[in-house]
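To start, the structure itself, in structure tokens.
Numbering (the numbering used here), first residue to last: 11 to 116.
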């Protein structure tokens, strides 16, 4: 006690000082935690909104690509059909041209 009086000029209750300091520090920590939580919630809300927008964009692009793939399928089927028809004509003589050649030969 005498040492405290010499150092501070009065008797200091360190227990009370620690209690006051701790409470004040706790309030600061709580305030900072609340501010950070609010900031994180704001950032999360923005990210969720962006996610929804990106999902909508993805859906639109998927529908567009599906239409392209259906068109490719239809065109591929048409190409296959035409190639088969062309192949048939090449392997089989044309009846009109055979008759015309016979008539010229006679």
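Heads up, the beta-carbon is just placed ideally off N, CA and C, and yes, glycines get one too. Since we're looking at a predicted model, the values are computed, not measured.
Residue i versus residue j: straight-line alpha-carbon distance, rounded
i: residue 64; j: residue 50; result: 21 Å
i: residue 39; j: residue 48; result: 14 Å
i: residue 98; j: residue 88; result: 15 Å
i: residue 46; j: residue 62; result: 24 Å
i: residue 70; j: residue 54; result: 24 Å
i: residue 58; j: residue 81; result: 35 Å
i: residue 86; j: residue 56; result: 44 Å
i: residue 92; j: residue 84; result: 12 Å
i: residue 41; j: residue 76; result: 52 Å
i: residue 72; j: residue 102; result: 45 Å
i: residue 78; j: residue 90; result: 18 Å
i: residue 66; j: residue 52; result: 22 Å
With 16 other Cβ atoms within 10 Å as the buried cut-off, status of residue i
i: residue 100; result: exposed
i: residue 29; result: exposed
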